[in-house]
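Scroll down for the structure; my scribbles are underneath it.
In our numbering, the protein residues as written are 52 to 860.
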C-alpha cells in the first residue's frame, strides 16, 4: 500500500516544480515567487495543528497554487476580454498584490495556534475557541476571494461574448444562469427543507412529558423545539392554517377553550412554529421580501444590471403575553436565508437558516457587502444591516458557497443577541445543552471505488447568547434525521449513517465511460446528418438507438447497482475519529435510531425489522451486543421507563415475487433490559394498507403523558373491504378514521384506551381535508385531552373521553 506521507510529498514536489516553472516564465513580485510560496507551504506543515478536519499537505499546496494561478489567469482575462468590454485591466502590481492576499487567506484557513492547557479541559476548550477565531474573515475581500475559489473560478472566468444586449447564456455557478432569477434562496427553492426526511427519535433519554402540563416531544431534555402548539397550563397557543392565505395564532383559555385573542399574520409571511418562555411568545416565520439586490448579466460590452431580486429571511416575532387577551409585538428579529431549525434553552432562541449566495463574486458591480448575509433587529434598527466580516467564518474546508447562519436571541432582553455565519453547513440540526451541531450531505457521483457521499458536520458551543465555532468534521454516509446524532456524557458525538456504494465499481466506471462515448457519437451524428423527418415518420430503430432497451437487464447485472451498509461512528469533542462499528445490516438502510445512555438502538429495514443494540461505553471500540429481527419496521423509537422501547412504524408483508409491501400501522414494545437479547414483547396493529400518521415523520406529533402512562398518536386509518383474497392487487381499501388514538403503555403492555375525532360521521377523507378537520396535534393538561385541527379545538375528559368543550378557530 502506498504510504500516504510519501504520496503527499510527491504531490508537493510536483506542484513545487510547476510553480518554479511559472516563476521562470512570468516575472512576479518577490512576495509571490515560487520559492516564497514553497517556503510558506513547508513552514505551514510545521505549524501547530488545530483539532479540526484539514486538507492534506498536497491539497493545501494546490490551494496556494490555485490562488496564485487564479490571479494570473485573471490578468489574462482582463487583457483579452476586458478590452472587448471597454474596461481597463488592473495594473500588474494590483494583480500580484491580490495574489499575495489570496495566498495569505489560504494560509490563514490552515493555520492557528493549538490548545495547550493539558491539565484543564475547560481551559483547553477556551484556548481552542480562541484559536478558532483566526478562521473568521478579516475583511469582505477575503470572503470574496474564498467564494471565487469555491464556485469553480476557471469556469467563471471563461465568458463567451454574444451580440450586443443579449445576455451570455453560459451557466452561472451562482444562479444557474447569468442574469436568471432562480427563485428563493435555498430551502424551498431546491428541496432543502427541515422536513426533507423523517426524524428518527423522540424526546431524549428522559421523556419530558412528566407532570400534568403538556410539553413538546423533543430530542434532548431541557432543549425545547418549536412546534405549532404550546401551553403554560393556563392558556394554549395554537398556530393554524399555515399554508392558507389567513394563518393565525389562537390564544385559548385551557379551562373552557374560550378564545382570549388571535394574532394575525402578515400576508407576505409564512408562519412556521412557536416557542413559549416566561411570558414571551416567539413566532418563527419565513419571509421572501427581506432585502432587494441588483441582478447583473454579462454582455459583450460589459456587465449590466438587468433587474433586481429579493432575498428570503427567517424571523422571530417576540410577543409580550403577560395579558393573553392583548398580546403585544415587542420586537422582530430577522436573519437572511430559509428556515432550517431552531431550539430554545431557558429564554434564548437558537435560530438556524441556510442562506444562498446568489451574487457572482467575480462581478465587481456586486458590493462586498452583497456577498454576505444580513440581519435585522427592530430593537436596534429598522433596516437590515450587513453582517460584519469578523462574524463570517471560513472553516478549514469550505464545502459550498452557501452560508449557515446561526443566531442566539434572548427573548426577555432586546439588547442581547448574537449572529454568526459559516460558509458551508447543512440542513439538519442536533443540539445538546452545551453544543449545537449542523449536519449536511456532500455527494461525489464520480467516486466509483468508495462511499460516494459523506455527512459534513459543524459544531458550535453555545452559552446563552455566546456562540463559538469549535470544530468541523465529516463521516461517510448519510443520516436519517436529527436523532442519528447524540452527544455522550463526556462530550463525544455518536452518529449513525447509511453508506451506499457501487456493488461493482469497475463495471460502474466502464458503463459511465461507455455512456459518455455513445453520447458523443450521437451528438456528432446529429450534427452531420440531414434534418430528421416529422416525428410520425421516425423509424422505430432510430428511437431504439436513442433510448436503448434496458428492461432485460437483471438487477444483479446492472452496472449501476448499489449496495448499502450501516455504521455508527464516535467522534471526540473536536470531531476527530475515535471509533466506529461498520458493516451492519448489508443491503438495508437505517429507519430509526435511539440512544439511551451508552447504548445505541438502530432499526434497519429491507424485508424484516432488525433492532440492533450497540455498546458505546468505550468510544474507541463500539460493540454490537445483540439484535432482534421481526416483521415490519419502526420509523420512531420512544423510551418507556428504563428498560423498554416503544417502536412506531409499519407492519409489512413479503409478496409472492419476493418484494415487500407495507400493511397497517404498528406499535411494538421491546424489552431491552438485556441488550444482548432484545425481545419484542407485545404488538398492536392499527388499520390496513394506506394508513398513516404525522408522527411517522414528525416526532413532535407524538404525545407522551408519562405520569399517566398515556400515549397519543394522530392517525388516518384505512381498512380492507370487498375481495380479501390472497391477490393483493385485487384488494380494496377504504377510509375508516381520522383522529387521535390513545393507549396506556407500560413496560409490560400496550392497552387501547380509545380514540377521539372531530370528523365523526364523515366517511370521505377528502371532505375532512376540505373542512380542515384532520387532527394535527393532541395536548394534555391535568385530566383533560385536547385535539387541534386547522378548523377547531376540542377538549375531552381523559377519564371518560367525553367531549367537554369545542371552539371553532
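Each residue gets a CB set at the ideal place from its N, CA and C atoms; glycine is no exception.
Asked, Found
"Report yes if the CB atom of residue 835 is closer than 7 Å to the CB atom of residue 846, and no otherwise.", "yes"
"How about residue 516 and residue 469: are their beta carbons less than 7 Å apart?", "yes"
"Let me confirm a value: residue 703 is counted as buried when at least 16 other C-beta atoms fall within 10 Å, else exposed. Which label applies?", "buried"
"Looking only at its chain, what residues have a beta carbon closer than 8 Å to the beta carbon of residue 296, apart from the 5 residues adjacent to it on each side?", "318"
"Report the residue from 715, 722, 428, 529 whose alpha carbon sits nearest the alpha carbon of residue 642.", "529"
"How close, in whole Å, do the beta carbons of residue 304 and residue 286 come, if the pair is a contact with beta carbons under 8 Å?", "6 Å"
"What's the gap between the Cα of residue 732 and the Cα of residue 635?", "24 Å"
"Since residue 538 sits in a beta bridge, which residues does DSSP pair it with?", "544"
"Buried or exposed: which applies to residue 628, given that a residue is buried once 16 or more other Cβ atoms fall within 10 Å of its Cβ?", "exposed"
"Evaluate residue 569 with the Cβ neighbour count: other Cβ atoms within 10 Å of its Cβ, from every protein chain shown; 16 or more gives buried, anything less gives exposed.", "exposed"
"DSSP puts residue 767 in a beta bridge; with which residues?", "743, 789"
"For a test of the three-state rule: what should DSSP assign to residue 687, helix, strand or coil?", "strand"
"Skipping 5 residues on each side, what residues in its chain have a beta carbon closer than 6 Å to that of residue 610?", "558, 559, 562"
"With distances taken from CA atoms, which of 840, 767, 793, 794 is nearest residue 815?", "767"
"Excluding the five sequence neighbours on either side, which residues of its own chain have a C-beta within less than 7 Å of the C-beta of residue 813, listed in chain order?", "819"
"Please name the residue, chosen from 389, 671, 649, that lies closest to residue 633 on a Cα-to-Cα basis.", "671"
"One question on the structure: do residue 467 and residue 191 come within less than 7 Å of each other, judged by their Cβ atoms?", "no"
"Which residue comes first and which comes last in the alpha helix (DSSP H) that contains residue 412?", "Element bounds for residue 412: n/a, residue is neither H nor E."
"With residue 201 as the anchor, note down where its beta strand (DSSP E) starts and where it stops.", "Here residue 201 belongs to no beta strand (DSSP E); instead the alpha helix (DSSP H) covers 191-201."
"Could you please give me the residues that DSSP links to residue 755 through a beta bridge?", "762"
"Report the CB separation of residue 737 from residue 720 in whole angstroms; it is logged as a contact under 8 Å.", "The Cβ separation is near 14 Å, so there is no contact."
"Helix or strand or just coil, what does DSSP make of residue 378?", "coil"
"So what does residue 355 bridge to, in DSSP terms?", "348"
"Kindly indicate which residue of 189, 482, 302 has the alpha-carbon position closest to the one of residue 332.", "302"
"Spell out a yes or no on whether the region 740-751 and the region 684-692 are touching, meaning 3 or more CB-CB pairs, one atom from each, closer than 8 Å.", "yes"
"Just the C-alpha distance for residue 366 and residue 336, rounded to the nearest angstrom, thanks.", "5 Å"
"Going by DSSP in three states, residue 524 sits in which element: helix, strand or coil?", "strand"
"Are the beta-carbon atoms belonging to residue 739 and residue 710 less than 7 Å from one another?", "no"
"Taking only the alpha-carbon atoms, compute the straight-line gap between residue 858 and residue 681 and give it to the nearest angstrom.", "44 Å"
"Between residue 681 and the ligand NAD, is the CB less than 6 Å from at least one heavy atom?", "No copy of the ligand NAD occurs in the structure displayed, which carries no ligand at all."
"Do you know how far the Cα of residue 388 is from the Cα of residue 754?", "31 Å"
"Can you find the residues in the same chain that come closer than 8 Å, C-beta to C-beta, to residue 453, ignoring five residues on each side of it along the sequence?", "237, 405, 406, 407, 408, 474, 475, 476"
"So, residue 805 versus residue 793, is the Cβ gap smaller than 7 Å?", "yes"
"Could you round the C-beta distance between residue 825 and residue 789 to whole angstroms and report it? I think they count as a contact, below 8 Å.", "5 Å"
"So, with DSSP's three-state summary, where would you put residue 339?", "coil"
"Taking DSSP's pairing of strands, which residues face residue 461 in a bridge?", "399"
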